[in-house]
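Okay, structure first, notes after.
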DNA sequence: AAAAGGACCTGGTGGC
DNA sequence: TGCCACCAGGTCCTTT
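Numbering (the numbering used here), first residue to last: 1 to 272.
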């Protein structure tokens with residue numbers, strides 16, 4: 001489901017309602033997520049106060065009194081804030097119930113996500129320590145990408161979707177950013193110029209920021225923490241538009257698999 | 001060392 | 001209506 005703008009949207013919604021709240025009870029209905037839920041999760045979390053919610057890449061970090069709750073939503077995960085008495089549906093795996101009777105409900109049909117507790121320094125957690133730069137922060141520059149791409153032959157689309165290089169850019173926004181940059185998704189990363197990378201950085205920033213402003217992209221089932229969809233789908237230039245006309249030049253948008261992922265591009269605007 | 005491919009899951013869709 | 005193949009917003013792990 002979610003890329004950086006969707007996670008950021010959820011984070012902002014949850015921050016408003018959860019910061020400074022105390023956890024009263026944790027209900028676990030299904031432990032088989034990407035990694036098994038630790039049996040101690042419930043006792044670890046109970047009575048913790050949520051101090052602050054942060055985001056690193058597509059991970060949500062709930063800073064608590066004595067540790068961190070770390071949540072990833074995988075492909076199909078969602079977090080909703082619901083009244084405690086709300087009927088439990090299929091795939092509602094975890095409830096985190098607060099003293100004020102709000103319930104943070106984790107729902108994930110495909111179970112590719114994870115929910116775990118750690119008392120280690122959060123940024124040195126094994127899942128986080130090798131992550132690349134944040135695309136909306138100042139150290140994400142054309143120069144950085146250019147240096148990382150030296151001698152790399154992988155397609156530029158795979159390169160910008162690689163979490164060890166830059167985090168948060170998933171399949172939708174990789175396609176959109178490459179279209180804005182007029183770069184063909186198959187281009188070998190190492191052959192692009194510094195100027196290309198500067199343009200690409202600008203495009204990635206722009207596409208992510210615009211999507212955040214519109215509450216993310218709802219393809220079928222993404223909603224924010226209150227159940228509202230995002231509106232960026234209407235602004236998509238290439239994603240899902242194979243066979244339709246390029247909004248810039250009128251050429252038919254093409255679809256090709258790159259690294260097992262659907263890739264959409266304009267063969268006239270985006271040169272190799 | 002880098003790149004490609006498989007694996008993990010459920011649900012929706014479109015073809016026959 | 002049913003069955004089947006294929007597709008999906010992610011990313012870790014294994015193989016080449």
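Don't be surprised by glycine CBs; every beta carbon is placed ideally from N, CA and C.
Reference residue 102; option with closest CA among 85, 197, 186: Indexing the first chain from 1 puts residue 102 at position 102. When only C-alpha atoms are compared, the closest one is 85.
Collapsed DSSP secondary structure at residue 146 in the structure displayed: On the first chain, residue 146 is found 146 positions in, with the first residue counted as 1. Note: residue 146 maps to helix in three-state DSSP.
Bridge partner(s) assigned by DSSP for residue 56: Sequence index remark: in the first chain, residue 56 carries index 56 (1-based). Per DSSP, the beta bridge partners of residue 56 are 59.
Cβ-based neighbour list, residue 8, same chain, cut-off 7 Å, excluding 5 preceding and 5 following: Reading the first chain from its first residue, position 8 is the one you call residue 8. Take residue 8, set aside five residues on each side of it, and the residues of its chain with a beta-carbon closer than 7 Å to its own are 55, 212, in chain order.
Host alpha helix (DSSP H) of residue 157 (start-end): Here residue 157 corresponds to residue number 157 of the first chain, with the count starting at 1. Unbroken alpha helix (DSSP H) run through residue 157: 156-160.
Residue range of the alpha helix (DSSP H) that includes residue 17: Counting from 1 along the first chain, the entry for residue 17 is found at position 17. Bounds of the alpha helix (DSSP H) holding residue 17 are 4-18.
Cβ contact check for the stretch 63-83 and the stretch 104-123: 3 or more pairs under 8 Å: Enough Cβ pairs lie closer than 8 Å, so yes.
Distance between residue 126 and residue 168 (C-alpha atoms, nearest Å): Position 168 of the first chain, counted from the first residue, corresponds to residue 168. Position 126 of the first chain, counted from the first residue, corresponds to residue 126. Approximately 17 Å between the Cα atoms of the pair.
Nearest candidate by alpha-carbon position, reference residue 22, set 50, 43, 4, 205: The count along the first chain starts at 1 and reaches residue 22 at position 22. Residue 50 is the option with its Cα nearest to residue 22.
Member of 63, 28, 57 whose CA lies at the smallest distance from the CA of residue 19: Here residue 19 refers to the residue found at position 19 of the first chain. Selected option, being the one with the closest Cα: 63.
Cβ neighbours of residue 166 in the same chain (closer than 7 Å, five flanking residues each side left out): For this step, residue 166 is matched to residue 166 along the first chain. The beta carbon of residue 166 sits closer than 7 Å to those of 132, 133, 135, 140, 160, all from its chain and outside the five residues before and after it, given in chain order.
Ranges of the alpha helix (DSSP H) found wholly within the stretch 225-272, counting only runs of at least 4: With a minimum length of 4 residues, no continuous alpha helix (DSSP H) run stays inside the stretch 225-272.
Touch test, the stretch 220-234 against the stretch 24-38, Cβ-Cβ under 8 Å, three pairs minimum: The stretch 220-234 is not in contact with the stretch 24-38.
Test item: CB-CB of residue 114 and residue 33 under 8 Å: Here residue 114 refers to the residue found at position 114 when the first chain is read from its first residue. Here residue 33 refers to the residue found at position 33 when the first chain is read from its first residue. Yes, the Cβ-Cβ distance between residue 114 and residue 33 is below 8 Å.
Rounded C-alpha distance that separates residue 57 from residue 252: As a working note, residue 57 is residue 57 in the first chain. As a working note, residue 252 is residue 252 in the first chain. If you take the alpha carbons of residue 57 and residue 252, they lie about 33 Å apart.
Per-residue DSSP class, three states only, for residue 130: Stepping through the first chain from its first residue, residue 130 is reached at position 130. It is coil, neither helix nor strand.
Alpha helix (DSSP H) segment containing residue 44, residue limits: For the purposes of this step, residue 44 is taken as residue 44 along the first chain, with counting starting at 1. Residue range 41-45 is occupied by the alpha helix (DSSP H) that includes residue 44.
Neighbourhood of residue 82 by C-beta, 7 Å cutoff - its chain only, sequence neighbours within 5 removed: Counting from 1 along the first chain, the entry for residue 82 is found at position 82. Around residue 82: 103, 105.
Start-to-end residues for the alpha helix (DSSP H) that takes in residue 210: As a position in the first chain, residue 210 is number 210, starting the count at 1. From DSSP, the alpha helix (DSSP H) with residue 210 extends over 194-213.
Proximity below 8 Å, CB of residue 157 to CB of residue 178: What you label residue 157 is simply residue 157 of the first chain in a count that begins at 1. What you label residue 178 is simply residue 178 of the first chain in a count that begins at 1. In this structure, residue 157 places its C-beta atom within 8 Å of the C-beta atom of residue 178.
Environment of residue 248 [buried if 16+ CB atoms lie within 10 Å]: Within the first chain, the letter at position 248 stands for residue 248. Residue 248 comes out exposed.
Rounded C-alpha distance that separates residue 129 from residue 250: Here residue 129 corresponds to residue number 129 of the first chain, with the count starting at 1. Here residue 250 corresponds to residue number 250 of the first chain, with the count starting at 1. CA-CA distance, residue 129 to residue 250, rounds to 44 Å.
8 Å contact criterion, which residue 220 and residue 190 should meet: CB distance rounded: Start at 1 with the first residue of the first chain, and residue 220 comes out as number 220. Start at 1 with the first residue of the first chain, and residue 190 comes out as number 190. Between residue 220 and residue 190 a beta carbon distance of about 36 Å is seen, past the 8 Å cut, so the two are scored as non-contacting.
Neighbourhood of residue 144 by C-beta distance below 7 Å, restricted to the same chain and skipping five residues each side: Within the first chain, residue 144 is the residue found at index 144, counting from 1. Closer than 7 Å at Cβ, skipping near neighbours: 133.
N-terminal and C-terminal residue of the alpha helix (DSSP H) that residue 71 is part of: The sequence position of residue 71 within the first chain is 71, counting from 1. From DSSP, residue 71 is part of no alpha helix (DSSP H) but of the beta strand (DSSP E) over 68-72.
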